[in-house]
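Novice: Numbering (this note's numbering), first residue to last: 8 to 284.
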C-alpha cells in the first residue's frame with residue numbers, strides 16, 4: 008500500500024438501481040453509492056415528473072445544492088438545474104456545456120470552493136446518435152499512469168496547480184489519495200494560464216494521457232441515458248467525459264454532499280417549482 012493510502016472506501020466501480028417506487032429509490036441509490044463510485048438509475052416511468060422526482064431523491068441523499076451555475080462567471084446566484092444541452096447559439100459561451108463535440112475526461116468543480124462529493128445528471132432528451140457519458144475508474148487511471156510514465160505520476164501527486172473559472176480559484180495537486188481512494192482535481196480547460204510553464208506542460212501531458220491512453224484505449228466506459236434515467240457519481244474518484252453526438256440532447260445536473268442516513272428522512276415539502284422540467 009502506497010503512502011497516503013488506507014483501506015479503500017468502495018467495493019465496486021459501478022452499480023445499477025432499477026426503479027421500484029419513488030420511496031424505495033432513494034434508499035436503493037443511497038445503498039449503492041455507499042459501495043460504488045458510479046450508480047445508474049434505470050426504469051423510471053415516463054409518467055413520473057422527473058424534475059420533482061430527482062430533486063426529492065437528491066435532497067434525501069444529503070445536502071443538495073440546487074444551483075444553476077453561470078456559464079461564464081461560475082456564480083451560483085440562481086436556484087435551478089444546471090442544463091447541459093445542445094445549443095449552437097451558445098457554443099461560444101461554453102463549448103462543452105452547449106456543444107456536441109467530445110468532452111475530455113475531467114471532474115466537476117476543479118476550480119470551485121463549493122464543497123460537494125456527488126454529482127448527477129438526469130436525461131431530459133437523448134441525442135439521436137451518440138452522446139454517451141463516459142466514466143473511467145480512478146484506480147485504473149492511477150495504475151496505468153504509474154506503469155506508463157512513473158515520473159509524471161509522481162509529479163502529479165506532488166505538484167500544485169492553479170485551476171480557475173471566472174472569479175473562482177482552487178489550488179491542488181491533480182492526483183491525491185482520499186481515504187485510500189485514488190482521486191483527482193482535474194479539468195484541462197480550467198488549468199490557469201498563470202501557472203508556471205513547466206506546470207502547464209505537466210498538465211498538458213496528463214490531458215494527452217487521458218485522451219490517448221484512457222479514452223482511445225477503451226478504458227472509459229460509456230453510460231447512455233434514456234429520458235428519465237440518471238447517473239450519480241462520486242466526483243473525485245472518477246473521471247468522466249462525453250462522446251460526441253448528433254441531434255438534440257439535454258441533461259440536467261445537480262451536486263450534493265452525500266449523507267447516506269438522510270435517505271430515511273422524507274423531505275416531500277422541500278421541492279421548489281423550479282425542479283419541474
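Beta carbons: idealized from backbone N, C-alpha and C, even for Gly.
Since this is a predicted model, take the numbers as computed values, not measurements.
Find out if the Cβ-Cβ distance for the pair residue 290, residue 251 is shorter than 8 Å.
Specialist: Since the first residue of the chain shown is 8 and the last is 284, residue 290 is not available in this structure.
Novice: In the DSSP output, which residue or residues are listed as bridge partners for residue 130?
Specialist: DSSP, once it has assigned bridges, lists 258 as partnering residue 130.
Novice: Could you name the residues that DSSP lists as bridge partners for residue 137?
Specialist: The partner list for residue 137 (beta bridge, DSSP) reads 252.
Novice: Between residue 171 and residue 151, what straight-line distance do the alpha-carbon atoms span, to the nearest angstrom?
Specialist: Between residue 171 and residue 151, the C-alpha separation is close to 28 Å.
Novice: With C-beta atoms as the reference, is residue 69 less than 8 Å away from residue 266?
Specialist: Contact: yes.
Novice: Between residue 244 and residue 188, how many whole angstroms is the CB-CB distance? I'm expecting something under 8 Å.
Specialist: Correct: roughly 5 Å between the Cβ atoms.
Novice: Quick test of your reading: residue 1 and residue 111, contact by CB under 8 Å. State the CB separation rounded to the nearest angstrom.
Specialist: Here the chain covers residues 8 to 284 and nothing more, so residue 1 does not appear.
Novice: Between the Cα of residue 203 and those of 229, 169 and 99, spot the shortest distance and give me the residue it belongs to.
Specialist: It is 169 whose Cα lies nearest to the Cα of residue 203.
Novice: Any idea if residue 175 is buried or exposed, counting beta-carbon neighbours within 10 angstroms, 16 or more meaning buried?
Specialist: Residue 175 is buried by the Cβ-count criterion.
Novice: Assuming residue 259 and residue 128 make a contact with CB atoms under 8 Å, what is their CB distance in whole Å?
Specialist: Residue 259 to residue 128, Cβ: 7 Å. Contact.
Novice: Of the choices 26, 27 and 235, whose alpha-carbon is the least far from that of residue 132?
Specialist: Among 26, 27 and 235, the Cα nearest to that of residue 132 is on 235.
Novice: Take residue 114 and list the residues in its own chain whose beta-carbon comes closer than 8 Å to its own, dropping the five residues that flank it on each side.
Specialist: For residue 114, where only same-chain residues beyond five positions count, the Cβ hits under 8 Å are 191, 192, 193, 194, 242, 243, 245, 246 and 247.
Novice: Can you find at least 3 beta carbon pairs, one from the segment 219-238 and one from the segment 52-62, that sit closer than 8 Å?
Specialist: Yes, since at least three Cβ pairs between the segment 219-238 and the segment 52-62 fall closer than 8 Å, the two stretches touch.
Novice: Looking only at its chain, what residues have a beta carbon closer than 7 Å to the beta carbon of residue 206, apart from the 5 residues adjacent to it on each side?
Specialist: Excluding residues within five positions, the ones whose Cβ falls inside 7 Å are 166 and 168.
Novice: Just checking my contact of residue 21 with residue 45 at CB under 8 Å: how many whole Å lie between their CB atoms?
Specialist: Between residue 45 and residue 21 the Cβ distance is about 4 Å, and since that is below 8 Å, they are a contact.
Novice: I believe residue 40 touches residue 216 by the beta-carbon criterion, under 8 Å. Please report the beta-carbon distance rounded to the nearest angstrom.
Specialist: Contact flag wrong, Cβ pair sits at about 28 Å.
Novice: So what does DSSP say about residue 94, is it helix, strand or coil?
Specialist: It is coil, neither helix nor strand.
Novice: Going by beta carbon distance, what residues of the same chain come within less than 6 Å of residue 177, once the five residues before and after it are set aside?
Specialist: Within the same chain, residue 177 has close Cβ partners 118 and 170.
Novice: Please state if the CB of residue 92 and the CB of residue 257 are separated by a distance shorter than 8 Å.
Specialist: Yes.
Novice: Looking at the unbroken beta strand (DSSP E) that takes in residue 178, where does it start and where does it end?
Specialist: Its beta strand (DSSP E) spans residues 175-180.
Novice: For residue 43, does the count of other Cβ atoms within 10 angstroms reach 16, so buried, or fall short, so exposed?
Specialist: Buried: at least 16 other Cβ atoms inside 10 Å.
Novice: Taking the alpha-carbon positions, what's the residue 213 to residue 159 distance?
Specialist: Those two C-alpha atoms are separated by around 8 Å.
Novice: According to the neighbour-count rule (16 or more other Cβ atoms, all chains shown, within 10 Å of its Cβ), is residue 145 buried or exposed?
Specialist: Result: buried.
Novice: Does residue 23 come out as helix, strand or coil in the three-state DSSP assignment?
Specialist: Residue 23: strand per DSSP, three-state reduction.
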